[in-house]
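J.:
Number of protein chains: 2
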Amino acid sequence: MHHSSSAMLTDLYQLTMLQGYFHHGMEETAVFEFFSRKLPEERNFLIAAGLEQALDFLENLSFMDEEIGWLDQTGFFQKDFLDYLRALQFTGDVHAMPEGTVFFADEPILRVVAPLPQAQLVETRLINILHFQSLVASKAARLKLIAPNKLLVDFGLRRAHGAEAGMFAARASYIAGFNGTSNVLAGREYGMPIFGTMAHSFIQAHDSESESFMRFAQAQPENVVLLIDTYDTEAAAEKIVRLMPEFTKQGIVVKGVRLDSGDLVDHANKVRRILDNGGLHQVTIFSSGSLDEYRLKHMIDMEAPIDGFGVGTRLDTSADAPYLDCAYKLEEYGGIARRKRSEGKVTWPGRKQVFRQFNDDESMSFDLLTLEGDEAEGKPLLQPVMQGGKRLSPATSLAQIQEYTLSQLKRLPSHLKRLVKGAMYPVQISSPLRSLALEVDERNSPN
Amino acid sequence: MHHSSSAMLTDLYQLTMLQGYFHHGMEETAVFEFFSRKLPEERNFLIAAGLEQALDFLENLSFMDEEIGWLDQTGFFQKDFLDYLRALQFTGDVHAMPEGTVFFADEPILRVVAPLPQAQLVETRLINILHFQSLVASKAARLKLIAPNKLLVDFGLRRAHGAEAGMFAARASYIAGFNGTSNVLAGREYGMPIFGTMAHSFIQAHDSESESFMRFAQAQPENVVLLIDTYDTEAAAEKIVRLMPEFTKQGIVVKGVRLDSGDLVDHANKVRRILDNGGLHQVTIFSSGSLDEYRLKHMIDMEAPIDGFGVGTRLDTSADAPYLDCAYKLEEYGGIARRKRSEGKVTWPGRKQVFRQFNDDESMSFDLLTLEGDEAEGKPLLQPVMQGGKRLSPATSLAQIQEYTLSQLKRLPSHLKRLVKGAMYPVQISSPLRSLALEVDERNSPN
Chain Z
769 MHHSSSAMLT
779 DLYQLTMLQG
789 YFHHGMEETA
799 VFEFFSRKLP
809 EERNFLIAAG
819 LEQALDFLEN
829 LSFMDEEIGW
839 LDQTGFFQKD
849 FLDYLRALQF
859 TGDVHAMPEG
869 TVFFADEPIL
879 RVVAPLPQAQ
889 LVETRLINIL
899 HFQSLVASKA
909 ARLKLIAPNK
919 LLVDFGLRRA
929 HGAEAGMFAA
939 RASYIAGFNG
949 TSNVLAGREY
959 GMPIFGTMAH
969 SFIQAHDSES
979 ESFMRFAQAQ
989 PENVVLLIDT
999 YDTEAAAEKI
1009 VRLMPEFTKQ
1019 GIVVKGVRLD
1029 SGDLVDHANK
1039 VRRILDNGGL
1049 HQVTIFSSGS
1059 LDEYRLKHMI
1069 DMEAPIDGFG
1079 VGTRLDTSAD
1089 APYLDCAYKL
1099 EEYGGIARRK
1109 RSEGKVTWPG
1119 RKQVFRQFND
1129 DESMSFDLLT
1139 LEGDEAEGKP
1149 LLQPVMQGGK
1159 RLSPATSLAQ
1169 IQEYTLSQLK
1179 RLPSHLKRLV
1189 KGAMYPVQIS
1199 SPLRSLALEV
1209 DERNSPN
Chain Y
769 MHHSSSAMLT
779 DLYQLTMLQG
789 YFHHGMEETA
799 VFEFFSRKLP
809 EERNFLIAAG
819 LEQALDFLEN
829 LSFMDEEIGW
839 LDQTGFFQKD
849 FLDYLRALQF
859 TGDVHAMPEG
869 TVFFADEPIL
879 RVVAPLPQAQ
889 LVETRLINIL
899 HFQSLVASKA
909 ARLKLIAPNK
919 LLVDFGLRRA
929 HGAEAGMFAA
939 RASYIAGFNG
949 TSNVLAGREY
959 GMPIFGTMAH
969 SFIQAHDSES
979 ESFMRFAQAQ
989 PENVVLLIDT
999 YDTEAAAEKI
1009 VRLMPEFTKQ
1019 GIVVKGVRLD
1029 SGDLVDHANK
1039 VRRILDNGGL
1049 HQVTIFSSGS
1059 LDEYRLKHMI
1069 DMEAPIDGFG
1079 VGTRLDTSAD
1089 APYLDCAYKL
1099 EEYGGIARRK
1109 RSEGKVTWPG
1119 RKQVFRQFND
1129 DESMSFDLLT
1139 LEGDEAEGKP
1149 LLQPVMQGGK
1159 RLSPATSLAQ
1169 IQEYTLSQLK
1179 RLPSHLKRLV
1189 KGAMYPVQIS
1199 SPLRSLALEV
1209 DERNSPN
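Line order of the protein sequences matches chains Z and Y. In terms of my numbering, the first sequence opens at residue 769 and continues consecutively. In terms of my numbering, the second sequence opens at residue 769 and continues consecutively.
Dropping the structure here:
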């Protein structure tokens, strides 16, 4: 299944609407923006992520001949329109917040300016990419804020929602400060660090736990983290102390042990004592098993002697907030600003820009949501990234994005760094933007 | 990114463990089973799904040369092991519950019997496939039970967790009784029905809502569902009544209208009255917007005149229960049964079979979890599906799977068909299985 770059990865209505635009020659310039309508109850801020894959998608957008053939046999489309689709490419301009930027409700993180059919067609997949990566980056940033000095590794591939979710989650969590992932393909594709320990099955396949430790260590003497909860956590820690002379003799360095079940704080304290009493001060304790930022906070508050965490399912599914209320909306067409007024889903019209203001201590003060071209103080967050369908600069390295994200997190107001919901960060709406919204509403009185 | 079939889509520890198995010649037969440890609080039963993609993955498992090259430069692996990986294929046997089967905690839905390294390596991706499809099928079945006679369409691609999640969710929801999806690629890849209406942007791009309705309809005169909440829902319904003579004159059949915001029950009642008063009894009402089984139940309880539902984000993310507590565990190696005893994660050892018993009225009575080969009454749910790495029969069509699922749902005890948590369905553990577990524990006293 080689589908992640297919132009067919879209909703049927995009294609039927395109047929409508095509038949009526509606190819004037449209402006769409991607934003979140409101933050989940469990989030104080969001982190933009996924731009790199979004630009890849736009740059490579095209229908293959066999796809056009398949569309033909559905009976939904006319021949002239299918010929038009066959030649379709993305030739538009894109502005975006750099990946890793902190953002809030109503603030666009991406703006597409392109002929209406192109800008419309890409809606589904652009949301699909930006939504999920931003979702996971936002979750991972909370973990990083709670455990800034711990080793954090993404363990979530198996319970991520499919292959691409596992890939994107590895990438997005790294952007937000994780040290790496267990996902081998993510290591290869994104050039990010990969980590691994051992599973219970390795131990179970041996008749003796000690023998399994020795054999696992012998197979990769420089990368040994032993899993110790298969039968009895403390007994296994004692075994490692007893085995240590033999490990040392064989040139094996045991870097750490992993706890994966039970009361992790209690086990960590007991295991740390056993290791220290055995002189193994340098052997670290790594833990995993249903972790998230709430559990990490508990363990850190309890001063559990744990050096690193493998965070899986709840990170990769963003379990406490598994989706964002986000949208990609038409803001302007043919030079005229537009907005929808559906109940509870009213949007701000026009091409927008976000200016961020900082306090003297460099912490974030407030944002101003205004129209592009308005003069305002502060740093404009949306920057040009694509022109005429071509990227304006090569991809930023993940390590650079991570550094930028961490610098952003430092500047967050301190009440937003906590896990509990804090006072909302101020996003002011400029008066030119408010005036434009009123103007659009007056023009759109039902007809 | 063509990665969904890559053998590299795995956790690093699988490969380091394989290196350990390889070095110690541990290639005897292993038995692994995939099961859920416990059901989410929000689920009374689960539906097995994803087997087709799991078998595809096993049949095509192999490392490409450039992948081996990449693994080499990580420094984690020795040359002789990499040569071994290069030649690795899956040659094992698989038993599974047919897709669409109802299952409960502790019941394996898939069993792999293969040389230990093969059975180990495939863990991550097998879970990744089976977990998510079963998650969505289980959610979709709840929607189907609540709204058995309504048109149900998956609208979730945009907020699914990446491309494959959107694909798998379309497939899994169809298995569980949905009528189709908006996802065009899913239509092509799985041969399932696709549905679509129109988006707000189409209407916003026009200066007149009436003109946009007319133009959309003209472009696909046989497939017209008009979205009416962009500015004022009831006013738009009135417009459609006024436009109807012109539609008819042009040979356009308006099949329905779509509501996407506000109080859907109230709007549906008002819109139905407007349409009926205008003589448009045949025009159906379709609704969407943050729907799930709880909201559907409310609308159906309120007898809202809604004929169909587009269910998106909360279906594709299984928002109320975004993951299952599931695992793929070693149950036997080298002819000896195995179990782990980690706190809270104890498993049942050995090759297992599930027998389902029915009442006289054909409803499900109880399940018996026992060992393969034990004699028991009832229907054995795990069936052979792959032998020596090859499928035993061609893929079952999705329509057939759906039919099977619906027949399963009919036979569910009625208290399990409700949305609220009901008394747990009885899964009995046979005495041979209990005895084996005790025997394994005695053998595994720590050493």
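The beta-carbon is built from N, C-alpha and C at its ideal position, and this holds for glycine as well.
Round the Cβ separation of Z/Leu903 and Z/Tyr1101 to the nearest angstrom and send it over; I've been treating them as touching at under 8 Å.
T.: Position 135 of the first sequence, counting from 1, holds the residue named residue 903 of chain Z. Position 333 of the first sequence, counting from 1, holds the residue named residue 1101 of chain Z. Not really, about 29 Å apart at Cβ, beyond 8 Å.
J.: Between Z/Met966 and chain B, is there a C-beta pair that is closer than 8 Å?
T.: Any reference to chain B falls outside this structure, whose protein chains are Z and Y.
J.: Return the chain-ordered list of same chain residues with a C-beta closer than 6 Å to the C-beta of Z/Leu925, the five sequence neighbours on each side being excluded.
T.: Position 157 of the first sequence, counted from the first residue, corresponds to residue 925 of chain Z. Gly934, Asn951.
J.: Could you tell me whether the Cβ of Z/Asp997 comes closer than 8 Å to any Cβ of chain Y?
T.: Here residue 997 of chain Z corresponds to residue number 229 of the first sequence, with the count starting at 1. At least one chain Y Cβ lies under 8 Å of Z/Asp997.
J.: On the DSSP letters alone, give me the boundaries of the alpha helix (DSSP H) that Z/Ser1182 sits inside.
T.: Taking the first residue of the first sequence as 1, we reach residue 1182 of chain Z at position 414. Taken as a continuous stretch (DSSP letters only), Z/Ser1182 belongs to no alpha helix (DSSP H), as it is neither H nor E.
J.: Just reading off the beta strand (DSSP E) that Z/His1049 is part of, what are its end residues?
T.: For the purposes of this step, residue 1049 of chain Z is taken as residue 281 along the first sequence, with counting starting at 1. Where Z/His1049 is concerned, there is no enclosing beta strand (DSSP E), given that its DSSP letter is neither H nor E.
J.: Do you know how far the Cα of Y/Ala1095 is from the Cα of Y/Met865?
T.: Here residue 865 of chain Y corresponds to residue number 97 of the second sequence, with the count starting at 1. Here residue 1095 of chain Y corresponds to residue number 327 of the second sequence, with the count starting at 1. Whole-angstrom Cα-Cα distance: 16 Å.
J.: Name the DSSP bridge partner or partners of Z/Ile1053?
T.: Within the first sequence, numbered from 1, the residue matching residue 1053 of chain Z stands at position 285. Per DSSP, Z/Val1025.
J.: At a Cβ threshold of 8 Å, is Z/Asp1028 touching chain Y?
T.: Residue 1028 of chain Z sits at position 260 when you count from the first residue of the first sequence. Yes, Z/Asp1028 lies at the interface with chain Y (some Cβ there is under 8 Å from its Cβ).
J.: Whose C-beta lies closer than 8 Å to the C-beta of Z/Met769 among residues of the same chain, with five residues either side of it excluded?
T.: Translated into the one-based positions of the first sequence, residue 769 of chain Z becomes position 1. With a pLDDT of only 42 at Z/Met769, under 50, the local geometry of the prediction cannot be trusted, and the value read off the model is given with reservation. Taking C-beta separations shorter than 8 Å and ignoring five residues to either side along the sequence, Z/Met769 has no partners in its chain.
J.: Along chain Z, in chain order, which residues have C-beta atoms closer than 7 Å to that of Y/Pro1090?
T.: In the second sequence, the residue the question calls residue 1090 of chain Y occupies position 322. Within 7 Å of the CB of Y/Pro1090, the CB atoms of chain Z belong to Thr1085, Ala1087, Pro1090, in sequence order along the chain.
J.: Assess, as a yes-or-no matter, whether the stretch 916-931 of chain Y is touched by the stretch 892-900 of chain Z under the definition of 3 or more beta carbon pairs within less than 8 Å.
T.: yes
J.: With a floor of 3 residues, list each beta strand (DSSP E) that falls wholly inside the stretch 865-909 of chain Y, ordered by position along the chain.
T.: 878-883
J.: Against chain Z, does Y/Leu953 count as a neighbour if the rule is that its beta carbon must be under 8 Å from one of theirs?
T.: By one-based count along the second sequence, residue 953 of chain Y stands at place 185. Output row for Y/Leu953: interface = yes.
J.: Under 8 Å, do Z/Leu1139 and Z/Gly1118 count as touching if we go by C-beta distance?
T.: Here residue 1139 of chain Z refers to the residue found at position 371 of the first sequence. Here residue 1118 of chain Z refers to the residue found at position 350 of the first sequence. The answer is yes: Cβ separation under 8 Å.
J.: Show which residues of chain Z have a CB atom less than 8 Å away from the CB atom of Y/Arg1202.
T.: Indexing the second sequence from 1 puts residue 1202 of chain Y at position 434. Those within 8 Å of Y/Arg1202 in chain Z number zero; the least Cβ separation is about 19 Å.
J.: Taking the CB atoms as reference points, tell me whether Y/Leu920 and Y/Val1079 lie closer together than 8 Å.
T.: The count along the second sequence starts at 1 and reaches residue 920 of chain Y at position 152. The count along the second sequence starts at 1 and reaches residue 1079 of chain Y at position 311. In this structure, Y/Val1079 lies closer than 8 Å to Y/Leu920 by Cβ.
J.: Would you call the stretch 867-874 of chain Y and the stretch 811-823 of chain Y in contact, with 3 or more CB pairs under 8 Å?
T.: yes
J.: Tell whether a beta-carbon distance below 8 Å holds between Z/Gly1141 and Y/Ser1029.
T.: The residue labelled residue 1141 of chain Z in the question sits at position 373 within the first sequence. The residue labelled residue 1029 of chain Y in the question sits at position 261 within the second sequence. Y/Ser1029 is positioned such that its CB atom lies no closer than 8 Å to that of Z/Gly1141.
J.: For the alpha helix (DSSP H) that Z/Met1012 lies in, which residues bound it at each end?
T.: Numbered from its first residue, the first sequence carries residue 1012 of chain Z at position 244. Element bounds for Z/Met1012: 1001-1017.
J.: Among Y/Glu1061, Y/Thr1085, Y/Ala1205, which has the Cα closest to the Cα of Y/Ala1105?
T.: Along the second sequence, read from residue 1 onward, the residue named residue 1105 of chain Y stands at position 337. Checked all of Y/Glu1061, Y/Thr1085, Y/Ala1205; the closest Cα to Y/Ala1105 is Y/Ala1205.
J.: Spell out a yes or no on whether the stretch 1120-1136 of chain Z and the stretch 1008-1024 of chain Y are touching, meaning 3 or more CB-CB pairs, one atom from each, closer than 8 Å.
T.: no
J.: Let's test the definition: count the other Cβ atoms within 10 Å of the Cβ of Z/Gly1156 and tell me whether it reaches 16, buried, or not, exposed.
T.: As a working note, residue 1156 of chain Z is residue 388 in the first sequence. Flag for Z/Gly1156 reads exposed.
J.: Between Z/Ile1042 and chain Y, is the shortest Cβ-Cβ distance under 8 Å, so that the two count as touching?
T.: The residue you call residue 1042 of chain Z lines up with position 274 of the first sequence. No, because no Cβ of chain Y sits closer than 8 Å to the Cβ of Z/Ile1042.
J.: Give me the residue from Z/Asp1034, Z/Ser976, Z/Phe871, Z/Arg1040 with the minimum Cα distance to Z/Leu1184.
T.: Here residue 1184 of chain Z refers to the residue found at position 416 of the first sequence. It is Z/Phe871.
J.: Evaluate contact between the stretch 789-803 of chain Y and the stretch 1062-1079 of chain Y, counting only Cβ atoms and requiring at least three cross-stretch pairs below 8 Å.
T.: no
J.: Can you give me the start and stop residues for the alpha helix (DSSP H) that Z/Lys1113 sits inside?
T.: Here the question's residue 1113 of chain Z lines up with position 345 in the first sequence. First-last for Z/Lys1113: undefined, no H or E at that position.
J.: Take Z/Leu953 and list the residues in its own chain whose beta-carbon comes closer than 7 Å to its own, dropping the five residues that flank it on each side.
T.: Taking the first sequence and counting its residues from 1, one reaches residue 953 of chain Z at position 185. Excluding sequence neighbours, Z/Leu953 sits near Met935.
J.: Hey, does Y/Met785 have any beta-carbon neighbour from chain Z nearer than 8 Å?
T.: Against the second sequence, residue 785 of chain Y aligns to sequence position 17. Closer than 8 Å: yes.
J.: CB-CB under 8 Å to Y/Val1114, same chain, minus the five flanking residues each way: which ones, in chain order?
T.: Counting from one through the second sequence, the residue named residue 1114 of chain Y turns up at place 346. Correct list, in chain order: Arg1107, Lys1108.
J.: Buried or exposed for Y/Gly1057, please, with buried defined as at least 16 other CB atoms from any protein chain shown within 10 angstroms of its CB.
T.: Taking the first residue of the second sequence as 1, we reach residue 1057 of chain Y at position 289. Buried, by the Cβ-count rule.
J.: What three-state label does DSSP hand Z/Arg1202 in the structure shown?
T.: Start at 1 with the first residue of the first sequence, and residue 1202 of chain Z comes out as number 434. Z/Arg1202 falls in the helix class under three-state DSSP.
J.: At 8 Å on the CB atoms, spell out the chain Z contacts of Y/Ile895, in chain order.
T.: To locate residue 895 of chain Y, count along the second sequence from 1; it is residue 127. Within chain Z, the C-beta atoms nearer than 8 Å to that of Y/Ile895 come from Arg926, Arg927, in chain order.
J.: For Y/Asn1212, go through chain Z and note every residue whose CB falls closer than 7 Å to its CB, in chain order.
T.: Residue numbering aside, residue 1212 of chain Y sits at position 444 when the second sequence is read from its first letter. Contacts between Y/Asn1212 and chain Z, judged by CB atoms closer than 7 Å, involve Tyr999 in chain order.
J.: CA-CA distance, Y/Glu801 and Y/Thr1081?
T.: For this step, residue 801 of chain Y is matched to residue 33 along the second sequence. For this step, residue 1081 of chain Y is matched to residue 313 along the second sequence. The straight-line gap from Cα to Cα measures roughly 31 Å.
J.: Compute the beta-carbon to beta-carbon distance between Y/Ile1042 and Y/Ala1005, rounded to the nearest angstrom, for a pair I have assumed lies under 8 Å.
T.: One-based indexing of the second sequence puts residue 1042 of chain Y at position 274. One-based indexing of the second sequence puts residue 1005 of chain Y at position 237. Yes, Y/Ile1042 and Y/Ala1005 are in contact; Cβ-Cβ is about 4 Å, under 8 Å.
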